[in-house]
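Undergrad:
Protein chains: 4
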Amino acid sequence: MARPSNTEERRLQITRALQQVMAKQGYEGAAIADIARAAGLTPGLVHYHFAHKREILLATAARLLADHQQRLQAQLALAGPSPRAQLLAFVEAHLGQGATADPEALACWIQLTAESFRDKKLKAQLERAARDWRDVLQKILVEAEAGGERVRPDPEAAAAGLLAVIQGYFVLAATARGVIPPGSAAATAQVMIDGLLSPKPRSRR
Amino acid sequence: MARPSNTEERRLQITRALQQVMAKQGYEGAAIADIARAAGLTPGLVHYHFAHKREILLATAARLLADHQQRLQAQLALAGPSPRAQLLAFVEAHLGQGATADPEALACWIQLTAESFRDKKLKAQLERAARDWRDVLQKILVEAEAGGERVRPDPEAAAAGLLAVIQGYFVLAATARGVIPPGSAAATAQVMIDGLLSPKPRSRR
Amino acid sequence: MARPSNTEERRLQITRALQQVMAKQGYEGAAIADIARAAGLTPGLVHYHFAHKREILLATAARLLADHQQRLQAQLALAGPSPRAQLLAFVEAHLGQGATADPEALACWIQLTAESFRDKKLKAQLERAARDWRDVLQKILVEAEAGGERVRPDPEAAAAGLLAVIQGYFVLAATARGVIPPGSAAATAQVMIDGLLSPKPRSRR
Amino acid sequence: MARPSNTEERRLQITRALQQVMAKQGYEGAAIADIARAAGLTPGLVHYHFAHKREILLATAARLLADHQQRLQAQLALAGPSPRAQLLAFVEAHLGQGATADPEALACWIQLTAESFRDKKLKAQLERAARDWRDVLQKILVEAEAGGERVRPDPEAAAAGLLAVIQGYFVLAATARGVIPPGSAAATAQVMIDGLLSPKPRSRR
DNA sequence: GATGAATGAGCATTCATTCAT
DNA sequence: GATGAATGAATGCTCATTCAT
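Chains as they are written, first to last, in my numbering: chain A, 40 to 244; chain B, 40 to 244; chain C, 40 to 244; chain D, 40 to 244.
1. Would you mind giving the Cβ-Cβ distance between L145(D) and A213(D), rounded to the nearest angstrom? I have them listed as a contact below 8 Å.
2. Between E166(A) and chain B, is any beta-carbon pair separated by less than 8 Å?
3. So, using beta-carbon positions, are A98(A) and R50(A) closer together than 8 Å?
4. Roughly how many whole angstroms lie between the Cα atoms of D193(D) and G234(D)?
5. Which of the residues in the segment 90–105 of chain A, read from start to end, lie with their CB under 7 Å from any CB of chain B?
6. Who are the Cβ neighbours of Y208(A) in its own chain at under 8 Å, not counting the five residues just before and after it?
7. Is R189(C) helix, strand or coil when you go by DSSP?
8. Looking at C-beta atoms only, is the number of pairs between the segment 65–81 of chain A and the segment 141–158 of chain B that lie closer than 8 Å three or more?
9. I need the DSSP call for L161(A), collapsed to helix, strand or coil.
10. Report the partner residues of L236(D) according to the DSSP bridge assignment.
11. For the alpha helix (DSSP H) containing Y66(B), name the first residue and the last one.
12. With distances taken Cα to Cα, identify the nearest neighbour of L115(A) among H107(A), P122(A), Q108(A), A128(A).
13. If you measure beta-carbon to beta-carbon, which residues of the segment 72–88 of chain B are closer than 7 Å to chain A?
14. Straight-line CA distance for E188(D) to A196(D)?
15. What is the rounded straight-line gap between the Cα of A203(C) and the Cα of G79(D)?
16. Are there 16 or more other CB atoms within 10 angstroms of the CB of L117(A), so buried, or fewer, so exposed?
17. Taking 8 Å as the threshold (beta carbon to beta carbon), is E143(A) in contact with chain B?
18. Taking Cβ-Cβ distances below 7 Å as the criterion, which residues of the segment 145–156 of chain D are in contact with chain C?
19. Let's see if you can read the secondary structure: which residues bound the alpha helix (DSSP H) around P142(C)?
20. Would you check if the distance between the CB atom of H88(D) and the CB atom of T46(D) is smaller than 8 Å?
21. For G234(C), return the contacting residues in chain D, with the cut-off set at a CB-CB distance below 8 Å.
22. Whose C-beta lies closer than 8 Å to the C-beta of R110(B) among residues of the same chain, with five residues either side of it excluded?
23. If you drop the 5 nearest sequence neighbours on each side, which residues of the same chain put their C-beta closer than 8 Å to that of I95(D)?
24. Hey, how far is the Cα of A226(A) from the Cα of A77(A)?
25. Any beta carbon of chain A sitting closer than 8 Å to that of K63(B)?
26. Does Q164(D) pass the burial test, meaning 16 or more other C-beta atoms within 10 Å, or should it be called exposed?
27. Have a look at L48(D) and D171(B) and give me their C-alpha separation to the nearest angstrom.
28. Taking only beta-carbon positions, decide if L51(C) is within less than 8 Å of chain D.
29. What's the C-alpha gap between G150(C) and R216(A)?
30. Does DSSP classify G217(C) as helix, strand or coil?
31. Is the shortest distance between the beta-carbon of V130(C) and the beta-carbons of chain D less than 8 Å?
32. Please classify F129(B): does DSSP put it in a helix, a strand, or coil?
33. For P122(D), does the three-state DSSP call read helix, strand or coil?
34. For the alpha helix (DSSP H) that contains A245(D), what are its first and last residues?
Here it is in structure tokens:
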């Protein structure tokens, strides 16, 4: 009898709007009125679905991370089971052609990072995501080791290093695009992986 | 007759204060009153030395970049002339013990990055710094090539990649400290460099 | 569902308040807080209905001019159709008993005039009003000429001159009340009109 | 021994600067810093010669009025002694070719008028000037009457009316220049005077 | 659910005035 | 006399949040 709830739809609309606005104006600069306009809603209605602006931020981060996680899992599943193939897929997923092509997403990501200094919950979200991400890499590297590769300095450090490479490319792509030769990111990352992951040296006796 | 100008001193005080406040609160969150308090001045006086808040931002970025540039040059000068030694020095300067130990500087750096989306001049400053930075690396890599090393995929891409590693570690150190095994950054970066830079393979003829 | 808009009402309240405050304190001296207080509103609400203070100024001028225009038309319509009667009505409307009795309106008028040097749009508004005003007079004078009167030096100049008389009396009434013998304005203006408008001299051939 | 005082010179510099700045920005809009810049001085020095901004305003008004008074007396002295000639000279002095050509002076005059609502002393200055002005006219008109002219409605009212004409032309010239046919002001005023001042009608018995 | 008016605290900026040098 | 740093109060404007309708 009551009208069916459209809350989930509205929340999605609103977090999408924040993502869009925040990419250009940052979180502080994204007035509720701006978000509402971008979502095609009214300010009052935004506050009906989110009591506080901060909650929109958290919901936006959660949605972005979940989306990313999902996409990543799908791409890893498509790749073969070998650790090398998994690493390749991981890198391609993040740095391959078009992966850094969405300036809005990159910018929004950096704004979230910056905002995390002011919001414990957001910080925890991002930290947890980074840790999960690293754990995925670490697991692949441990398997590589088990498969006879040498992983330097060790799987945990190497995983963190790979994560750093990806994050660093994101930052550069977002803020100093001209600095990266177009299309070079994935290839360069692969070369770095060759450093981290070398076949067990039987030869170097 | 006239009072001697103390503007330079005051501007330094003020940019230091902004750096400090911005690390915690971001640029938007850094009220002039906060900056003034951190600098031990009054809000009116801050505006006497800087017409607009934005100018404090630019001056702060300029000072941070200049300071960094200077420190980096000094450390590169101390290292030996060989490309390997230069690369090592470069990495150590950024990721060595204690290099990422100043959370205030790291946080401020990220806030500047985030703010650069809203300020053309700041963006230009950061882009130029990134380019300069990469050029330094690229030059070293070109010399390495001239000295018989193989640089993959090519000096420009490799330089950009190294920059990305450093930036990425900065971001992780600032936002997800627990993800990086303590002290592993420099060593891992070195291993990656081993991937980028391999001795010219005589065997693979 | 939605609240009915009361914007027009509020805007009227606010422009009335500005008129009142500006008469005493001028435009610059009329703080939004003062205007709000005079209107019985809060400063925030004033800015909800007018984005910028300047817009209140323009709206106030527009309202005053429209009100005046309307009153004037009504009084001209009441007068007989003869040019002499129309001129008499015009002068009476502006300078007759009580016409200059509202010090607030007079003061506000002068403040608007002064402010017009700083605001192109306001200046355009006032210029257009003055031109309209003069055109009304000019048309009456042209009809007078058609009716056999002599208009000196010519209808356009005479109309401008009459406008000047009225404006001048306004200024004096507002700033140096003691200078005008009470009640003399309309009579004196009539005498001046006798100079501008004389019967075609058959005798003086 | 002490350096000779240059106070008078400085005060003149400063009031000239205020006149200039006020014409464009009004009194409130004329910051001490602006005045100082226009005078080629420093803000501190302005306050050395005038304790308060308001005093600059009063000094500026006093100087303008004195200058005008002096110029007017000179022009009246040049004219013949007959009342008609004196009136003609009076009108020419204010509305003749070039008399309203200085937009800065006109604008400044209106700003002073507007400001007089907020400053009792300024208001008194302007009122006194207006009265003096009218008295000069009234005296001429009384002489005209003594000389056989008929002055309508009476010398005092006619003098006030003439003053109004002049003030009104000033306002129009400053704010709605296009409304007055170029060069028509003095001629039109003369025609109005013909209305005020008619030869004693022997014929109209 | 939805709207838009209303509030009140916060903020950058301006500026007359003071004062040490 | 002259300079320019320093102060503090005032002001226009923004904005998250609340709430009556």
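Glycine is no exception: its CB is placed at the ideal position from the N, C-alpha and C atoms.
TA: Reading it off the structure:
1. By 1-based counting over the fourth sequence, the position of residue 145(D) is 106. By 1-based counting over the fourth sequence, the position of residue 213(D) is 174. The pair is a contact, with the Cβ atoms about 4 Å apart (cut-off 8 Å).
2. In the first sequence, the residue the question calls residue 166(A) occupies position 127. At least one chain B Cβ lies under 8 Å of E166(A).
3. By one-based count along the first sequence, residue 98(A) stands at place 59. By one-based count along the first sequence, residue 50(A) stands at place 11. In contact: A98(A) and R50(A) (Cβ atoms closer than 8 Å).
4. Position 154 of the fourth sequence, counted from the start, is the residue given in the question as residue 193(D). Position 195 of the fourth sequence, counted from the start, is the residue given in the question as residue 234(D). Each residue's Cα considered, the two are about 12 Å apart.
5. none
6. On the first sequence, position 169 is the one that residue 208(A) refers to. Hits under 8 Å: H133, L134, T139, I219, A224, A228.
7. Position 150 of the third sequence holds residue 189(C). Note: R189(C) maps to strand in three-state DSSP.
8. yes
9. Working through the first sequence from its first residue, we reach residue 161(A) at position 122. If DSSP states are grouped into helix, strand and coil, L161(A) belongs with the helices.
10. Within the fourth sequence, residue 236(D) is the residue found at index 197, counting from 1. V190(D).
11. Here residue 66(B) corresponds to residue number 27 of the second sequence, with the count starting at 1. Segment: none, Y66(B) is in no alpha helix (DSSP H) and carries neither H nor E.
12. Position 76 of the first sequence, counted from the start, is the residue given in the question as residue 115(A). For L115(A), the nearest C-alpha among the options comes from A128(A).
13. none
14. Taking the fourth sequence and counting its residues from 1, the one referred to as residue 188(D) is at position 149. Taking the fourth sequence and counting its residues from 1, the one referred to as residue 196(D) is at position 157. Their backbone Cα atoms lie some 15 Å apart in a straight line.
15. Counted from its first residue, the third sequence places residue 203(C) at position 164. Counted from its first residue, the fourth sequence places residue 79(D) at position 40. Cα to Cα, the separation comes out at about 38 Å.
16. Reading the first sequence from its first residue, position 78 is the one you call residue 117(A). So L117(A) ends up on the exposed side.
17. As a working mapping, residue 143(A) is identified with position 104 in the first sequence. Not an interface residue.
18. A146, I149, Q150, T152, A153, S155, F156
19. Here residue 142(C) corresponds to residue number 103 of the third sequence, with the count starting at 1. P142(C) -> alpha helix (DSSP H) spans 142–154.
20. To locate residue 88(D), count along the fourth sequence from 1; it is residue 49. To locate residue 46(D), count along the fourth sequence from 1; it is residue 7. Yes, these two residues count as a Cβ contact at 8 Å.
21. Position 195 of the third sequence holds residue 234(C). Within chain D, the residues near G234(C) are V230, M231, I232, D233, G234, L235.
22. Position 71 of the second sequence, counted from the first residue, corresponds to residue 110(B). Cβ neighbours of R110(B) beyond the five flanking positions: A132.
23. Here residue 95(D) refers to the residue found at position 56 when the fourth sequence is read from its first residue. For I95(D), same chain residues with a beta-carbon under 8 Å away, outside a window of 5 residues either side, are I53, T54, L57, I74, V85, F89 in chain order.
24. Start at 1 with the first residue of the first sequence, and residue 226(A) comes out as number 187. Start at 1 with the first residue of the first sequence, and residue 77(A) comes out as number 38. Their backbone Cα atoms lie some 37 Å apart in a straight line.
25. Start at 1 with the first residue of the second sequence, and residue 63(B) comes out as number 24. So, interface residue.
26. The sequence position of residue 164(D) within the fourth sequence is 125, counting from 1. Buried: at least 16 other Cβ atoms inside 10 Å.
27. Translated into positions along the fourth sequence, residue 48(D) becomes position 9. Translated into positions along the second sequence, residue 171(B) becomes position 132. Going by the sequence as given, residue 48(D) is Glu instead of Leu. The straight-line gap from Cα to Cα measures roughly 56 Å.
28. Start at 1 with the first residue of the third sequence, and residue 51(C) comes out as number 12. It does not; no Cβ of chain D falls within 8 Å.
29. Looking up residue 150(C) in the third sequence gives position 111. Looking up residue 216(A) in the first sequence gives position 177. Here residue 150(C) turns out to be Gln, not Gly, going by the sequence shown. If you take the alpha carbons of Q150(C) and R216(A), they lie about 54 Å apart.
30. For the purposes of this step, residue 217(C) is taken as the residue at position 178 of the third sequence. Shown here, G217(C) sits in a helix according to DSSP, grouped into three states.
31. For the purposes of this step, residue 130(C) is taken as residue 91 along the third sequence, with counting starting at 1. No, V130(C) lies away from the interface with chain D (no Cβ there is under 8 Å from its Cβ).
32. By one-based count along the second sequence, residue 129(B) stands at place 90. It is helical.
33. Counting from one through the fourth sequence, the residue named residue 122(D) turns up at place 83. Note: P122(D) maps to helix in three-state DSSP.
34. There is no way to answer for residue 245(D), as the model of chain D reaches only from 40 to 244.
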